[in-house]
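Comments concern the structure below.
There are 2 protein chains.
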Amino acid sequence: MATNETPIETYITKHQEQFLEDLKAWLRIPSISTLPEHKADVKHAAEYAIGQLQRIGMSEATLIPTNGHPLVYSEWLKAPGKPTLLIYGHYDVQPVDPIELWESAPFDPTIRNGNIYARGSSDDKGQVMVIFKALETLMAVNDTLPINIKVLLEGEEEAGGESIAHYITTTPERLGCDAAFICDTHMPAADMPALITGLRGIIYTEVEVQGATQDLHSGSYGGVAPNPLHSLAIIISRLKDEDGHIHIPGLYDKVRKPHPQEQEFWEKDPLHIKEAYLREMGVNQLSGELEYPPLERTGGRPTLEVHGISGGFVGEGAKTVIPAVAKAKISLRLPPDLKSQEVFTLFEKTVHEVAPAGVTVNVINVHGGEGIIVSPDSAPIQAASAALAEVYGKPPVFLREGGSIPIAALFDAVLHVPVVLMGFGLPDDNLHAPNEKYALSQFFNGIRTVASFVQKLAQK
Amino acid sequence: MATNETPIETYITKHQEQFLEDLKAWLRIPSISTLPEHKADVKHAAEYAIGQLQRIGMSEATLIPTNGHPLVYSEWLKAPGKPTLLIYGHYDVQPVDPIELWESAPFDPTIRNGNIYARGSSDDKGQVMVIFKALETLMAVNDTLPINIKVLLEGEEEAGGESIAHYITTTPERLGCDAAFICDTHMPAADMPALITGLRGIIYTEVEVQGATQDLHSGSYGGVAPNPLHSLAIIISRLKDEDGHIHIPGLYDKVRKPHPQEQEFWEKDPLHIKEAYLREMGVNQLSGELEYPPLERTGGRPTLEVHGISGGFVGEGAKTVIPAVAKAKISLRLPPDLKSQEVFTLFEKTVHEVAPAGVTVNVINVHGGEGIIVSPDSAPIQAASAALAEVYGKPPVFLREGGSIPIAALFDAVLHVPVVLMGFGLPDDNLHAPNEKYALSQFFNGIRTVASFVQKLAQK
Numbered sequence: 014m015a016t017n018e019t020p021i022e023t024y025i026t027k028h029q030e031q032f033l034e035d036l037k038a039w040l041r042i043p044s045i046s047t048l049p050e051h052k053a054d055v056k057h058a059a060e061y062a063i064g065q066l067q068r069i070g071m072s073e074a075t076l077i078p079t080n081g082h083p084l085v086y087s088e089w090l091k092a093p094g095k096p097t098l099l100i101y102g103h104y105d106v107q108p109v110d111p112i113e114l115w116e117s118a119p120f121d122p123t124i125r126n127g128n129i130y131a132r133g134s135s136d137d138k139g140q141v142m143v144i145f146k147a148l149e150t151l152m153a154v155n156d157t158l159p160i161n162i163k164v165l166l167e168g169e170e171e172a173g174g175e176s177i178a179h180y181i182t183t184t185p186e187r188l189g190c191d192a193a194f195i196c197d198t199h200m201p202a203a204d205m206p207a208l209i210t211g212l213r214g215i216i217y218t219e220v221e222v223q224g225a226t227q228d229l230h231s232g233s234y235g236g237v238a239p240n241p242l243h244s245l246a247i248i249i250s251r252l253k254d255e256d257g258h259i260h261i262p263g264l265y266d267k268v269r270k271p272h273p274q275e276q277e278f279w280e281k282d283p284l285h286i287k288e289a290y291l292r293e294m295g296v297n298q299l300s301g302e303l304e305y306p307p308l309e310r311t312g313g314r315p316t317l318e319v320h321g322i323s324g325g326f327v328g329e330g331a332k333t334v335i336p337a338v339a340k341a342k343i344s345l346r347l348p349p350d351l352k353s354q355e356v357f358t359l360f361e362k363t364v365h366e367v368a369p370a371g372v373t374v375n376v377i378n379v380h381g382g383e384g385i386i387v388s389p390d391s392a393p394i395q396a397a398s399a400a401l402a403e404v405y406g407k408p409p410v411f412l413r414e415g416g417s418i419p420i421a422a423l424f425d426a427v428l429h430v431p432v433v434l435m436g437f438g439l440p441d442d443n444l445h446a447p448n449e450k451y452a453l454s455q456f457f458n459g460i461r462t463v464a465s466f467v468q469k470l471a472q473k
Numbered sequence: 014m015a016t017n018e019t020p021i022e023t024y025i026t027k028h029q030e031q032f033l034e035d036l037k038a039w040l041r042i043p044s045i046s047t048l049p050e051h052k053a054d055v056k057h058a059a060e061y062a063i064g065q066l067q068r069i070g071m072s073e074a075t076l077i078p079t080n081g082h083p084l085v086y087s088e089w090l091k092a093p094g095k096p097t098l099l100i101y102g103h104y105d106v107q108p109v110d111p112i113e114l115w116e117s118a119p120f121d122p123t124i125r126n127g128n129i130y131a132r133g134s135s136d137d138k139g140q141v142m143v144i145f146k147a148l149e150t151l152m153a154v155n156d157t158l159p160i161n162i163k164v165l166l167e168g169e170e171e172a173g174g175e176s177i178a179h180y181i182t183t184t185p186e187r188l189g190c191d192a193a194f195i196c197d198t199h200m201p202a203a204d205m206p207a208l209i210t211g212l213r214g215i216i217y218t219e220v221e222v223q224g225a226t227q228d229l230h231s232g233s234y235g236g237v238a239p240n241p242l243h244s245l246a247i248i249i250s251r252l253k254d255e256d257g258h259i260h261i262p263g264l265y266d267k268v269r270k271p272h273p274q275e276q277e278f279w280e281k282d283p284l285h286i287k288e289a290y291l292r293e294m295g296v297n298q299l300s301g302e303l304e305y306p307p308l309e310r311t312g313g314r315p316t317l318e319v320h321g322i323s324g325g326f327v328g329e330g331a332k333t334v335i336p337a338v339a340k341a342k343i344s345l346r347l348p349p350d351l352k353s354q355e356v357f358t359l360f361e362k363t364v365h366e367v368a369p370a371g372v373t374v375n376v377i378n379v380h381g382g383e384g385i386i387v388s389p390d391s392a393p394i395q396a397a398s399a400a401l402a403e404v405y406g407k408p409p410v411f412l413r414e415g416g417s418i419p420i421a422a423l424f425d426a427v428l429h430v431p432v433v434l435m436g437f438g439l440p441d442d443n444l445h446a447p448n449e450k451y452a453l454s455q456f457f458n459g460i461r462t463v464a465s466f467v468q469k470l471a472q473k
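Here the protein sequences come in this chain order: A and B.
Under the numbering used here, the first residue of the first sequence is numbered 14, with each subsequent residue one higher.
Under the numbering used here, the first residue of the second sequence is numbered 14, with each subsequent residue one higher.
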């Protein structure tokens, strides 16, 4: 370890408790962006971030109003001649249902077995706090930052991210930078640092099926009534078969063959991802397209999932209703060469084609985002790689991630700078599920890594 | 009209307002039997019925506690040598969701265009009130009743009816009678009186599918994770195709060919049921097995319906969850020759056979009930037929009803007496749906008909 890092280590050790208290305070704010009743909480979480940025000593930290939840923008540009890094994160969180499966309340951050449990602990408040604390440490130790920093946080990542997309495309000059850094990904294991070189895009849709003009009694009308729930089941079963093949004509045409090195990595599976998936999911066999290696299925193949079906009666007991309307939330994950709008058009066409007669079908494009492929050869990626190697004692692996971070594609397309996707989550962090957690060791190693990454960027 | 009916007509006219006020007061009690939070309301509705029975002058009116909601039992047996009629009804109601589609609140009975709108107005409080007021009128006018009367009401008709089934099978001696009368059915039109000669049975099931041990993020696991919602869609699509054919091996084997007269009635469709169905449902084409006449499909054929699918996320916005567990409520309506337990066994076996690999499936038998066929030749049916002809000016048609009234099959099987299925609901009463209503003209003609029916039974 270089000698100029000792004060950094000292500062981190001394402020360990405070760092955790600041994270806990943030996690206590239920900033669920998809639920209108939490609108004030989302704003409160944004304001908390501003307080943290002011504490670091950033020159500016402002709330930017939008049509939805506000953006947080902050900058410190007092390192002339040095590169500018744009850092992105989000302060909104997923809903918490099913609430009854949480061992401790989702907004009462609790430390157990070296982890902090709370909704947003890993996705993404914990990771954004890593950045705050890395910058705070650098500023406290050196009374300055080694490079120029811009921070842009959003509160709608879990709700489509429309406002930030609008802001980036209409205000690119304010965001001018030499590299972008997104801290919203994970590593395969705590002893296996990783950088993400590919992300899937997404389309998120709602398929609405209307049968009769009103709910009907199955005793009187069963046998002559259209049943939108049954129609939806047929549509869904025709969109994807039990072997994971998606039956949307044209969908697979543009899926690029993977790079031979990637192909080899996926097939050899040196990370034993297959076993990890089985263990993490608690199942005996993997689902999906068995003819492709698991890493290719989650990183390089389009997939289709149903997230919820509403309509009719799902309460306790028995109600013999045939609902007038039923809806399904269905999304597709897309490898980088599939463009979301094109895929939505194919999807919509197919849904209409496979829908049974006697019902009216409407397909809604809830939101979409593009995938991305990043080159490992750029200077910022090399700096991140060196920082990870320094803190974790081994060089990172380069991975594709199955999740969608539309903002990465936007940075790529609008700002034309290398995008560093470096995160400290772990595969068992229970993102979007009960008992979300963030490992404390990853939190502190994350702070060390980001501090080192920022310093190394100054040396380039 | 016979001269001895004039005082009856006078009494009904004079007490019209009071009859309606009594009905409204009962409808204001939200006796939803499937929702535990309404347990006290259900009891309250039972107590209200007891007050009405006492007002008539019945010798006894008691609440009978059960493991679930109480039964109401009442008797008047002071007509020695005359027949005894056992009258059944239910005082519980269906849930009210989707509440936003009600034009007036479901438990604020409102009169519009000659109808009373409220949950339970037609199913079944309004029809039970017809009986109360017919008996009240006879007793008020004659100071006695022409036959012996037993009344048995339940509060679990919409929740499986377990308690009354237990009571009838364990206490048949108390219910000894010469005929049973169930007032929980409808007529094809207000000018077309009807008696029901057949009812379908039912099995109500829940199919539970378990994938991973916890909810997963579709970005990280889409492509390798089992999706229970998708598995359910496949199961449902394999159980029934889009042409209404149920693919449960053995199901159709025991469906008896209809009587030639019935067949002719169904095919000729003199009631123009097809047009009525289209109009009532607001659709351009009927669904189901198009090769069978509509009346046969709803009255004589087995049908399968999905009533609700839970699991995952159905709130506002987008959540990319792959749920650990998903459940579907699925029921089958069964013509009389299909026994519910046998069909459940076939259903359960088929669900397991058609379920995709990689998930665990559990099939729960929520409740079941048998169908019934009634002979039109028995004395009580003849009396009911004559009463309807007298009040409506034309003889009734004999119909099969698609709905299930398991109690009818129980009376048939345990008490071995003719079961009269005569009700005054109309097809557009919105049973189990928003804006349930009961026509005021049917309410008062029902009172006249039941009073006449009871008198005619005395003459036999």
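The C-beta atom is built at its ideal place from N, Cα and C for all residues, glycine as well.
Q: Return the first residue and the last residue of the beta strand (DSSP E) that residue 375(A) is part of.
A: Residues 373-382.
Q | Members of the segment 27-61 of chain A that neighbour chain B once the beta carbon cut-off is set at 8 angstroms | A | Residues passing the 8 angstroms Cβ filter: 46, 47, 48, 49.
Q) Looking at C-beta atoms only, is the number of pairs between the segment 396-406 of chain B and the segment 248-261 of chain B that lie closer than 8 angstroms three or more? A) Proximity of the segment 396-406 of chain B to the segment 248-261 of chain B falls short of the contact definition, fewer than three beta-carbon pairs being nearer than 8 angstroms.
Q: Whole angstroms is fine: what's the gap from residue 271(A)'s alpha carbon to residue 414(A)'s?
A: Rounded to the nearest angstrom, the gap between the Cα atoms of residue 271(A) and residue 414(A) is 14 angstroms.
Q | DSSP three-state assignment for residue 200(A), whether helix, strand or coil | A | Three-state result, residue 200(A): coil.
Q) In or out: residue 27(A) buried (at least 16 other Cβ within 10 Å) or exposed? A) Looking at its Cβ environment, which holds fewer than 16 other Cβ atoms inside 10 Å, residue 27(A) is exposed.
Q) Nearest chain B C-beta to residue 16(A) closer than 9 angstroms, yes or no? A) In this prediction, residue 16(A) scores a pLDDT of 46, lower than 50, which makes its location untrustworthy; the coordinate-derived value is nonetheless stated afterwards. Not one chain B Cβ lies under 9 angstroms of residue 16(A).
Q. Under 9 angstroms between C-beta atoms, does residue 220(A) make it to chain B?
A. Between residue 220(A) and chain B, the shortest Cβ-Cβ separation is not below 9 angstroms.
**Q.** Cβ-based neighbour list, residue 443(A), same chain, cut-off 7 angstroms, excluding 5 preceding and 5 following
**A.** These residues qualify, in order along the chain: 449, 450.
Q.
Using 9 angstroms as the threshold, is the C-beta distance between residue 359(A) and residue 318(A) below it?
A. Residue 359(A) places its beta carbon 9 angstroms or farther from that of residue 318(A).
**Q.** beta strand (DSSP E) runs contained entirely in the segment 347-433 of chain A, provided each spans 3 or more residues
**A.** Listed in chain order, they are 373-382, 410-414.
Q. So what's residue 269(A) in DSSP terms, helix, strand or just coil?
A. The answer is coil: DSSP assigns residue 269(A) none of H, G, I, E or B.
Q | Closest residue to residue 34(A) among 134(A), 95(A), 89(A) (Cα-Cα distance) | A | Of the candidates 134(A), 95(A), 89(A), the one whose C-alpha sits nearest the C-alpha of residue 34(A) is 134(A).
**Q.** Length at least 3, wholly inside the segment 94-132 of chain A: the beta strand (DSSP E) runs in chain order
**A.** Positions of the beta strand (DSSP E) runs, each at least 3 residues long and wholly inside the segment 94-132 of chain A, are given as 97-103, 123-125, 128-130 in order along the chain.
Q | Cβ pair residue 381(B), residue 348(B) closer than 9 angstroms | A | Contact flag unset, no.
Q: Give me whichever residues DSSP pairs with residue 230(B) in a beta bridge.
A: In DSSP, residue 230(B) forms a bridge with 334(B).
Q. Between residue 244(A) and the rest of its own chain, which residues show a CB-CB distance below 6 angstroms, the 5 nearest in sequence each way excluded?
A. Excluding its 5 nearest sequence neighbours in each direction, residue 244(A) has C-beta neighbours in its own chain below 6 angstroms: 222, 369, 372, listed in chain order.
Q) Measuring CA to CA, which of 232(B), 153(B), 166(B), 46(B) is closest to residue 68(B)? A) Put simply, of 232(B), 153(B), 166(B), 46(B) the residue whose alpha carbon is nearest the alpha carbon of residue 68(B) is 153(B).
Q: Give the C-beta separation of residue 184(B) and residue 24(B) to the nearest angstrom, bearing in mind that I take them to be a contact with Cβ-Cβ under 8 angstroms.
A: Cβ-Cβ separation between residue 184(B) and residue 24(B): approximately 34 angstroms, too far for a contact (criterion under 8 angstroms).
Q) Which runs of the beta strand (DSSP E), 3 residues or longer, sit entirely within the segment 260-327 of chain A? A) List check, beta strand (DSSP E) in window: 316-323.
Q. Comparing alpha-carbon positions, which option in 457(A), 467(A), 472(A), 433(A) lies nearest residue 209(A)?
A. If you compare the alpha carbons of 457(A), 467(A), 472(A), 433(A) with that of residue 209(A), the shortest gap goes to 433(A).
**Q.** Where residue 449(B) sits in the DSSP three-state scheme
**A.** Of the three classes helix, strand and coil, the one that applies to residue 449(B) here is coil, per DSSP.
Q. Can you name the residues of chain A whose CB is closer than 9 angstroms to the CB of residue 444(B)?
A. Under a criterion of Cβ atoms nearer than 9 angstroms, the residues of chain A adjacent to residue 444(B) are, in order, 229, 230, 232, 233.
Q: Under 7 angstroms between beta-carbons, which chain B residues line up against residue 247(A)? List them in chain order, please.
A: The contacting residues are 250, 255.
(Q) Relative to the C-alpha of residue 111(B), which candidate in 326(A), 423(A), 383(A), 110(A) has its C-alpha closest? (A) Checked all of 326(A), 423(A), 383(A), 110(A); the closest Cα to residue 111(B) is 326(A).
Q. Is residue 300(B) near residue 307(A), with beta carbons less than 9 angstroms apart?
A. 9 angstroms or more divides the Cβ of residue 300(B) from the Cβ of residue 307(A).
Q: Could you check what DSSP says for residue 169(B) in three-state terms: helix, strand or coil?
A: DSSP places residue 169(B) in the coil class of the three-state scheme, outside both helix and strand.
Q: Verify whether the separation of the beta carbon atoms of residue 174(A) and residue 140(A) is less than 9 angstroms.
A: Judged by beta-carbon spacing, residue 140(A) lies beyond the 9 angstroms limit of residue 174(A), meaning their Cβ atoms are not closer than that value.
Q.
Let me see if you follow: with CB-CB separation under 9 angstroms, is residue 294(A) close to chain B or not?
A. Yes - at least one Cβ of chain B is within 9 angstroms of the one on residue 294(A).
(Q) Using 8 angstroms as the cut-off, can you tell me whether the segment 456-467 of chain B makes contact with the segment 385-402 of chain B, which would need three or more C-beta pairs spanning the two stretches below that distance? (A) Counting Cβ pairs under 8 angstroms, three or more are found: they touch.
Q | Residues, ordered as in the chain, of the segment 166-193 of chain A that lie near chain B by beta-carbon distance below 7 angstroms | A | Per Cβ criterion, the list reads 172, 173.
Q: Could you check how far apart the C-beta atoms of residue 249(A) and residue 341(A) are, in whole angstroms? I think they sit under 8 angstroms.
A: Contact between residue 249(A) and residue 341(A) holds: CB atoms are separated by about 6 angstroms, below the 8 angstroms threshold.
Q) Residues in the segment 379-413 of chain A with C-beta within 9 angstroms of chain B's C-beta atoms, listed in sequence order? A) The residues in question are 379, 380.
Q) What did DSSP end up calling residue 87(A) once you bin it into helix, strand or coil? A) Strand at residue 87(A).
(Q) Report the CB separation of residue 176(B) from residue 80(B) in whole angstroms; it is logged as a contact under 8 angstroms. (A) Here residue 176(B) really is in contact with residue 80(B); their C-beta atoms are around 6 angstroms apart, less than 8 angstroms.
Q: Could you tell me the boundaries of the beta strand (DSSP E) in which residue 208(B) lies?
A: In this chain, the beta strand (DSSP E) harbouring residue 208(B) covers 207-212.
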